[in-house]
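Working notes, beginning with the structure itself.
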Amino acid sequence: DTGVSQNPRHKITKRGQNVTFRCDPISEHNRLYWYRQTLGQGPEFLTYFQNEAQLEKSRLLSDRFSAERPKGSFSTLEIQRTEQGDSAMYLCASSLGGSYNSPLHFGNGTRLTVT
Amino acid sequence: ILNVEQSPQSLHVQEGDSTNFTCSFPSSNFYALHWYRWETAKSPEALFVMTLNGDEKKKGRISATLNTKEGYSYLYIKGSQPEDSATYLCAFGGSNYKLTFGKGTLLTVNP
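Note that the protein sequences, when read in sequence, are chains A and B. Each residue of the first sequence is one higher than the one before, counting from 26 in my numbering. Each residue of the second sequence is one higher than the one before, counting from -9 in my numbering.
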C-alpha cells in the first residue's frame, strides 16, 4: 500500500499524559500537513512541512503541540500534558508540490480521546 | 479568519435523485478550490482541484463548477446511489499553501 499511513488509529489517554502520533506520507511527496477535526467541524489546519522544514504553524497549535519531520520523510505530532479539549481526529496528508494544483492525500487519521 | 461556508449542512435523497451542494469562499486572494469526499471509516478522497474561473470538472456522475469572481462552487451528483453517501468537503486554497476547509455537507442516499 503506497498511501498515507497514520499510527495509531486510536489513542485513549488520561489528562496530563503526553502522546505522539506518526504519519508516513507517500514517499515522493515533499509536502506534509497536519489537520485536526472535531465533531461538526471541517478539518482545521495545524501545521505543514516542505521536506524537513516546518513552514507554517497555526495559532491553534499551543506550546504543548510540536511536530517534526526529520529528513523530510515521516512526521510525528506530539501533544504534551493533554487536555480534554485535545480530543479530536488528527489527520495527516501529503502532496506533491503546492496546494494550488495538487490534491491532498489523506491518511485514515488518529482518533485521540482524552479522559 | 477565512470563511468557507457549505450548504446544506446535511441532505437526504432517494436513490436516483440528482442533487447539488454549494461552497462559498472569499473572492479575493484565490488560488484553488478543492472538493473531497469523506466516507465513514475511510480517509478523505480528492474529487476535484479547480483553479480557473469558469472551470468545470467531471468524474463519472459527479461534476463541479467554479465562480471565483463571486466566490462560489457547486458540486452536482446525477442519479445518486447509496455508495455516494458521504461527507463532501470543499477547501479554499489561498496564497499561503494551506487549505481552509468548510464544515462539509453530509449526504445520505436512501435505497
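A virtual CB, placed ideally from N, CA and C, is assigned to each residue, including glycine. Keep in mind the model is a prediction, meaning the values are calculated, not measured.
Among the candidates the options, whose CA atom is the shortest distance from the CA of residue i?
i, options, result
"residue 129 of chain A", "A:139, A:68, A:83 and A:81", "A:68"
"residue 25 of chain B", "B:78, B:3, B:87 and B:-8", "B:78"
"residue 70 of chain A", "A:116, A:37, A:97 and A:136", "A:116"
"residue 32 of chain B", "A:110, A:132, A:137 and A:41", "A:132"
"residue 85 of chain A", "A:79, A:78, A:72 and A:95", "A:72"
"residue 44 of chain B", "B:11, B:22, B:27 and B:88", "B:22"
"residue 30 of chain B", "B:55, B:72 and B:-4", "B:72"
"residue 137 of chain A", "A:101, A:45 and A:77", "A:45"
"residue 5 of chain B", "B:74, B:83, B:81 and B:-6", "B:74"
Whose C-beta lies closer than 6 angstroms to the C-beta of residue i among residues of the same chain, with five residues either side of it excluded?
i, result
"residue 49 of chain A", "30 and 99"
"residue 126 of chain B", "No answer is possible for residue 126 of chain B: it lies beyond the span of chain B, which begins at -9 and ends at 101."
"residue 3 of chain A", "Missing from the structure shown is residue 3 of chain A; chain A here goes from 26 to 140 and no further."
"residue 83 of chain B", "21, 22 and 89"
Measure how close the beta-carbons of residue i and residue j come, nearest whole angstrom, since I'm counting them as under 8 angstroms.
i, j, result
"residue 65 of chain A", "residue 93 of chain B", "7 angstroms"
"residue 126 of chain A", "residue 41 of chain B", "6 angstroms"
"residue 120 of chain A", "residue 54 of chain A", "6 angstroms"
"residue 62 of chain B", "residue 13 of chain B", "7 angstroms"
"residue 46 of chain B", "residue 55 of chain B", "5 angstroms"
"residue -8 of chain B", "residue 90 of chain B", "4 angstroms"
"residue 11 of chain B", "residue -4 of chain B", "7 angstroms"
Could you pull out every residue in the same chain whose Cβ sits closer than 8 angstroms to the Cβ of residue i, ignoring the five residues on either side in sequence?
i, result
"residue 43 of chain A", "103, 104, 105, 106 and 107"
"residue 96 of chain A", "77"
"residue 28 of chain A", "51, 130 and 132"
"residue 122 of chain A", "55 and 56"
Between which residues of its own chain and residue i is the CB-CB distance below 7 angstroms, once the five residues before and five after are set aside?
i, result
"residue 60 of chain B", "17"
"residue 139 of chain A", "38, 40, 107, 108, 109, 111 and 112"
"residue 76 of chain B", "27, 28, 29 and 97"
"residue 81 of chain A", "72 and 73"
"residue 63 of chain A", "113"
"residue 75 of chain A", "55 and 56"
"residue 85 of chain B", "19 and 21"
Original post:
Just by C-beta distance, which residues in the stretch 59 to 72 of chain A are closer than 8 angstroms to chain B?
Top reply: Interface annotation for the stretch 59 to 72 of chain A against chain B: 60, 65, 66, 67, 68, 69 and 70, criterion Cβ-Cβ distance under 8 angstroms.
Subject >> Proximal residues, the stretch 21 to 34 of chain B versus chain A, C-beta separation under 9 angstroms >> reply: Taking 9 angstroms as the Cβ-Cβ cut-off against chain A, the residues of the stretch 21 to 34 of chain B that qualify are 21, 22, 24, 26, 28, 31, 32, 33 and 34.
Original post:
Just checking, does the stretch 90 to 101 of chain B make contact with the stretch 60 to 72 of chain B on the three C-beta pairs under 8 angstroms criterion?
Top reply: Contact between the stretch 90 to 101 of chain B and the stretch 60 to 72 of chain B is established, with three or more Cβ pairs separated by less than 8 angstroms.
**OP:** Could you name the residues of the stretch 32 to 60 of chain B whose beta carbon sits closer than 8 angstroms to any beta carbon of chain A, in the order they occur along the chain?
**Re:** Against chain A - using a Cβ distance shorter than 8 angstroms - the residues of the stretch 32 to 60 of chain B are 32, 33, 34, 35, 36, 39 and 41.
Original post:
Is there contact here, the stretch 88 to 99 of chain A with the stretch 50 to 59 of chain A, by at least three beta-carbon pairs under 8 angstroms?
Top reply: Contact holds: three or more Cβ-Cβ distances are below 8 angstroms.
Original post:
Quick one: any contact between the stretch 46 to 58 of chain B and the stretch 29 to 36 of chain B, if contact means 3 or more CB pairs under 8 angstroms?
Top reply: Judged by pairs of C-beta atoms under 8 angstroms, the stretch 46 to 58 of chain B does not touch the stretch 29 to 36 of chain B, as fewer than three such pairs exist.
**OP:** Output, in sequence order along the chain, the residues in the stretch 3 to 16 of chain B whose CB is closer than 8 angstroms to any CB in chain A.
**Re:** Those residues of the stretch 3 to 16 of chain B that come within reach of chain A (Cβ to Cβ, closer than 8 angstroms) do not exist; the list is empty.
Original post:
In the stretch 73 to 86 of chain A, which residues sit with their C-beta less than 9 angstroms from some C-beta in chain B, listed in chain order?
Top reply: Residues passing the 9 angstroms Cβ filter: 73, 75, 80, 81 and 83.
Original post:
Residues in the stretch 59 to 82 of chain B with C-beta within 7 angstroms of chain A's C-beta atoms, listed in sequence order?
Top reply: Those would be 79, in chain order.
**OP:** Pull out every residue of the stretch 97 to 109 of chain A whose Cβ sits closer than 8 angstroms to any Cβ of chain B, in chain order.
**Re:** The residues in question: there are none.
Original post:
What residues in the stretch 125 to 139 of chain A bring their beta carbon closer than 9 angstroms to a beta carbon of chain B?
Top reply: From the stretch 125 to 139 of chain A, only 125, 126, 127, 128, 129, 130, 131, 132, 133 and 134 have a Cβ closer than 9 angstroms to chain B.
Subject >> Proximal residues, the stretch 87 to 101 of chain B versus chain A, C-beta separation under 9 angstroms >> reply: Within the stretch 87 to 101 of chain B, the qualifying residues are 87, 88, 89, 90, 91, 92, 93 and 94.
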